[in-house]
Structure formats: C-alpha cells, structure tokens
Amino acid sequence: MQIRSSANLGLIGRNRTFDTALSFARKAARHDCPLLIVGETGTGKDEVARLVHAHSTRASGPFVSLNCAALPEALIESELFGYERGAFTGAGRSYAGRFVAADGGTLFLDELGDLPLASQAKLLRAIEHREVTPLGSMRARKVDLRIVAATHQPLEAMVRERRFREDLFYRLSVARVQLPPLRERRDDILELAAHFMAPLKRSADGARVGWFDAVALECLLAHRWPGNVRELRNVIESIFIDPPDGPITLRSLPAYLAQPFDDPNTAAVPGRNERQRILDTLLATHWNKAAAARELKWSRVTLYRKMAKHAIPCASEAQADPVRSHAG
Ligand SMILES: Nc1ncnc2c1ncn2[C@@H]1O[C@H](COP(=O)(O)OP(=O)(O)O)[C@@H](O)[C@H]1O
Ligand SMILES: [Mg+2]
1 MQIRSSANLG LIGRNRTFDT ALSFARKAAR HDCPLLIVGE TGTGKDEVAR LVHAHSTRAS
61 GPFVSLNCAA LPEALIESEL FGYERGAFTG AGRSYAGRFV AADGGTLFLD ELGDLPLASQ
121 AKLLRAIEHR EVTPLGSMRA RKVDLRIVAA THQPLEAMVR ERRFREDLFY RLSVARVQLP
181 PLRERRDDIL ELAAHFMAPL KRSADGARVG WFDAVALECL LAHRWPGNVR ELRNVIESIF
241 IDPPDGPITL RSLPAYLAQP FDDPNTAAVP GRNERQRILD TLLATHWNKA AAARELKWSR
301 VTLYRKMAKH AIPCASEAQA DPVRSHAG
C-alpha cells in the first residue's frame with residue numbers, strides 16, 4: 001500500500017469530510033469517467049484535478065488545463081478546438097487546441113460555470129462524438145481523453161435558470177467531488193499552516209520564526225477563511241516578509257485577521273466608546289482578560305480581536321515586565 005502523503009500528492013488534510021472526498025477522487029480516478037470537482041475558491045480544486053490525473057490510467061499522458069473564466073468568449077472555442085491557418089484575421093498559422101494537446105491524457109476545464117452557452121453545446125458535441133473540428137476546417141479529428149471539470153458556481157441552480165445546459169451538466173458530473181471550505185475543516189488549519197511555513201523557514205531569517213502564540217492561534221482558528229487554503233497560504237507568506245524573531249503574535253498577522261466579528265451586541269457602539277468600554281472593563285478586572293470578556297459578554301477571541309483593533313496592549317504598562325520581555 002502507498003503511504004498516505006504520496007497517495008494524496010502532498011495534499012494536506014485529516015479532516016473526515018476532506019479525507020472522504022479525496023479517497024472518492026482516487027477511486028473515481030481509476031474509472032475513465034468524467035469527473036466534476038465542486039468547491040469554493042482556494043479549496044484545492046486544481047490540486048485534486050492533478051491528483052485524479054496522477055491516479056488514472058492516463059497518468060503517463062498529458063495533463064492540459066483551460067480556465068474557462070480567463071478567456072474572452074470569442075477565444076474559448078479556438079483554444080479548445082484549435083483553428084486552421086486563415087480561419088480568421090490574424091490566424092497566421094494553424095493551432096491544434098487543448099483537446100488535441102490533451103489526447104491520451106486529461107483535459108482539465110477549470111471554472112466550467114463560466115463557459116458561454118454557445119460553447120457548451122460544442123463542448124458536449126466534442127465529448128459525445130470524441131472528436132473535434134478546428135475552426136475553419138472541414139475535417140474532424142478523433143481524440144481520446146478524460147475530462148475533469150471544476151467550478152465554484154452552483155451548477156444545479158444555473159441549470160434551473162437555463163444558464164447552464166442540463167445535458168452537459170449530467171454528462172460531466174458522472175462522478176462528483178465536493179471539497180469542504182476551510183472553515184468547515186478547522187482541524188486542518190494548523191497542519192496546513194505548518195506545511196506552508198516549512199519551506200519559508202529554510203532561510204536564515206525564516207529559521208528564527210517560532211510558532212503562533214495563544215492569541216494568534218485563536219485568531220487563525222476563529223477566522224472564516226473566505227479565500228480558504230489559498231488565503232491561509234498567503235497569510236503565512238505575509239508573515240515571512242518581515243519575520244518575527246520568536247513566536248508569531250497578532251502583530252505579524254494581517255490587520256483584517258485581528259478584526260472583531262460582526263457582533264450584534266456592539267454593532268451600535270461607535271468605536272471610541274467601545275475602546276473606552278474595553279479599557280474600563282480591563283482596569284476593573286486588573287487586566288484579567290477572561291474576567292473582562294465575561295463582563296463584556298464576549299468570547300475571549302472577540303475581546304482579543306477588539307483589543308487588537310483598538311490598539312490596546314495585552315497587558316497594562318504597569319504590568320509589563322521589562323526584565324522578562326527583554327530576556328526572550
Ligand atoms: N489540502 C491541501 N494541502 C496543501 N496545499 C493545498 C491544499 N489545498 C489547497 N492547497 C494549496 O492552496 C492553493 C489553492 O489551491 P487550488 O487547488 O488552486 O484551489 P482552487 O482551484 O480550488 O481555487 C494552492 O497553492 C494549493 O497548492
Ligand atoms: Mg483553481
């Protein structure tokens with residue numbers, strides 16, 4: 001049996017939902033059927049498409065990808081199906097296109113939900129007939145490939161609204177892999193963070209960076225991560241631009257990570273009053289954050305975030321111990 005990390009091509013994650021999705025992807029990979037990967041941006045759809053190719057019977061063939069959202073409508077079909085020399089103004093020589101390039105391997109259609117309706121019809125025809133006809137050509141060419149598609153869009157709803165062809169949807173979603181957003185697999189956040197830190201710690205400056213302190217950890221674990229794993233990777237990279245010498249504190253995290261939650265209790269309180277209220281409570285509780293949070297009816301994470309937002313230090317000036325703070 002292969003060890004886990006190589007089986008998953010370096011994809012990190014022990015979360016049950018994520019792991020179930022990956023093992024299904026590996027099983028589906030061995031069948032030569034189309035596969036649809038669904039998930040928010042940054043959840044690892046590209047990586048899973050490569051994993052499927054690597055575990056498929058076509059692994060020794062090419063892996064070719066096309067991002068349907070990155071090209072203007074007029075260019076998508078010539079990219080997919082190719083064109084003959086002189087097919088349109090500017091077509092100085094012929095171009096085989098991505099279908100032909102992926103012959104024998106996997107064609108990865110990223111952001112499938114952005115494929116225009118007119119191209120959807122031609123794509124379906126190419127898949128069903130297993131052949132493509134380049135623009136300006138009369139001759140069809142046979143292709144033998146596997147299609148893996150990905151999207152962050154709700155294709156079923158798009159089908160109901162007639163923005164996506166039902167027949168193409170069913171054709172491409174024979175096997176379907178749903179990747180969970182990072183906020184639903186918080187148990188993987190720290191392992192992913194360590195994974196993205198490892199190469200950055202190889203430089204002399206990077207080697208001095210420690211692990212997250214308790215407050216920074218709470219922020220990482222409480223954040224909603226709308227950009228998912230990609231956002232986490234970027235946060236880790238940003239820490240190493242001006243790396244701390246020692247533990248990673250709130251100071252090293254982007255300001256938006258230390259922002260408070262939208263809290264109905266305080267939404268109506270203007271910022272200055274809120275700062276004063278926090279300071280008053282901290283003074284009353286002798287800077288005991290747990291007690292202050294209880295008093296304010298917030299979680300400790302919320303209190304820490306709000307303290308960071310209002311630039312309130314974690315300890316009062318009088319409490320800061322100059323000997324200890326210089327020793328570490
Ligand atoms: N489980 C994972 N383990 C390690 N890196 C991951 C994982 N999922 C995503 N990544 C990394 O996060 C970034 C975004 O992933 P990507 O596959 O491009 O997401 P998507 O295609 O869903 O937007 C990439 O740098 C990728 O290598
Ligand atoms: Mg992607």
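Residues 1 to 328 (my numbering) make up the sequence shown, in order. Heads up, the beta-carbon is just placed ideally off N, CA and C, and yes, glycines get one too. Treat the numbers as computed from the prediction; the structure is a model and nothing was measured.
* Consult DSSP for Gly-246 and reduce its assignment to one of helix, strand or coil. => Strand, per DSSP.
* To do: Examine ligand 2 and report whether any of its heavy atoms sits within less than 7 Å of the Cβ of Lys-45.
  => Flag set: Cβ of Lys-45 near ligand 2.
* Asked: For the beta strand (DSSP E) that contains Gly-210, what are its first and last residues?
  -> Where Gly-210 is concerned, the enclosing beta strand (DSSP E) stretches over 209-212.
* **Rounded C-alpha distance that separates Ala-258 from Gln-276** => Taking the straight line from one Cα to the other gives about 19 Å.
* Since Glu-161 sits in a beta bridge, which residues does DSSP pair it with? -> Looking at the DSSP output, Glu-161 sits in no beta bridge, so it has no partner there.
* Spatial neighbours of Arg-183 in its chain, beta-carbon cut-off 7 Å, leaving aside the 5 residues before and after -> Arg-224, Trp-225.
* To do: Specify the secondary structure class of Asp-110 as computed by DSSP and reduced to three states.
  => If DSSP states are grouped into helix, strand and coil, Asp-110 belongs with the strands.
* When you compare only the Cα positions, how much space is there between Leu-145 and Trp-298? -> Distance between the alpha carbons of Leu-145 and Trp-298 is about 55 Å.
* **Heavy atom of ligand 2 within 7 Å of Asp-110 beta-carbon** => Because some heavy atom of ligand 2 lies under 7 Å away, the Cβ of Asp-110 counts as near it: yes.
* Could you tell me which uninterrupted beta strand (DSSP E) segments, each at least 3 residues in length, are contained entirely in the segment 132-185, listed from first to last along the chain? => The DSSP assignment places complete beta strand (DSSP E) segments of no fewer than 3 residues inside the segment 132-185 at 146-151, 175-178, in order along the chain.
* Asked: For Thr-151, which of Leu-220, Ser-23, Glu-40, Asn-288 has the nearest alpha-carbon?
  -> For the set Leu-220, Ser-23, Glu-40, Asn-288, the Cα lying nearest the Cα of Thr-151 is the one of Glu-40.
* **Counted within 10 angstroms of its Cβ, other Cβ atoms place Thr-17 as buried (16 or more) or exposed** => Around the CB of Thr-17, fewer than 16 other CB atoms lie within 10 Å, so the residue is classed as exposed.
* For Pro-181 and Phe-169, the rounded distance between their alpha carbons -> Here the alpha carbon of Phe-169 sits roughly 22 Å from the alpha carbon of Pro-181.
* Spatial distance of Arg-230 from His-310 (CA atoms) -> Looking at the two C-alpha atoms, the distance is approximately 28 Å.
* Can you tell me whether DSSP reads Ile-37 as helix, strand or coil? -> Per DSSP, reduced to three states, the secondary structure at Ile-37 is strand.
* Backbone CA spacing between Lys-289 and Ala-222 [nearest angstrom] -> Lys-289 and Ala-222: Cα-Cα distance of roughly 17 Å.
* Could you round the C-beta distance between Leu-192 and Thr-43 to whole angstroms and report it? I think they count as a contact, below 8 Å. => 12 Å between Cβ atoms; not a contact.
* Asked: Name the DSSP beta bridge partners of Asn-67, please?
  -> Residue pairing of Asn-67 in beta bridges, as defined by DSSP: Asp-110.
* To do: On the DSSP bridge assignment, give the partners of Tyr-95 in chain order.
  => DSSP output for Tyr-95 lists Tyr-83 as bridge partner(s).
* Ser-60 in three-state terms, based on DSSP -> Note: Ser-60 maps to coil in three-state DSSP.
* Give me the Cα-Cα distance between Pro-270 and Pro-154, rounded to the nearest whole angstrom. => In this prediction, Pro-270 has a pLDDT of 47, which is less than 50 and means its spatial position is unreliable; what the coordinates show is noted afterwards. Cα to Cα, Pro-270 sits roughly 38 Å from Pro-154.
* Asked: Sorry if obvious, but does the Cβ on Leu-192 come closer than 7 Å to a heavy atom of ligand 1?
  -> Remark: the shortest separation between the CB of Leu-192 and any heavy atom of ligand 1 falls under 7 Å.
* Cβ of Ile-241 versus every heavy atom of ligand 1: is any distance shorter than 7 Å? -> No, ligand 1 has no heavy atom inside 7 Å of this Cβ.
* Sorry if obvious, but does the Cβ on Ile-278 come closer than 7 Å to a heavy atom of ligand 3? -> As presented, the structure is devoid of ligand 3, carrying ligand 1 and ligand 2 as its sole ligands.
* Going by alpha carbons, who is nearest to His-31 out of Ser-56, Ile-147, Ile-189, Ala-49? -> Of the candidates Ser-56, Ile-147, Ile-189, Ala-49, Ser-56 places its Cα closest to the Cα of His-31.
* Taking the alpha-carbon positions, what's the Ala-214 to Lys-27 distance? -> When rounded, the distance between both Cα atoms is 40 Å.
* Span of the alpha helix (DSSP H) around Ser-238 -> First-last of the alpha helix (DSSP H) with Ser-238: 228-239.
* To do: Say yes only if the C-beta of Gly-42 is nearer than 7 Å to one or more non-hydrogen atoms of ligand 1, and no if none qualify.
  => The answer is yes for Gly-42.
* To do: Compute the Euclidean distance between the alpha carbons of Phe-63 and Arg-251, then round it to the nearest angstrom.
  => Cα-Cα distance, rounded: 42 Å.
* Can you name, in chain order, every residue of its own chain whose Cβ lies under 7 Å from the Cβ of Ala-54, other than the five neighbours on each side? -> Counting only Cβ-Cβ distances below 7 Å, and skipping sequence neighbours, we find Leu-9.
* To do: Would you identify the three-state DSSP class for Gly-42, choosing helix, strand or coil?
  => It is coil, neither helix nor strand.
* Relative to the C-alpha of Arg-58, which residue among Cys-33, Arg-98, Met-158 is closest? -> Out of Cys-33, Arg-98, Met-158, Cys-33 has the C-alpha closest to the C-alpha of Arg-58.
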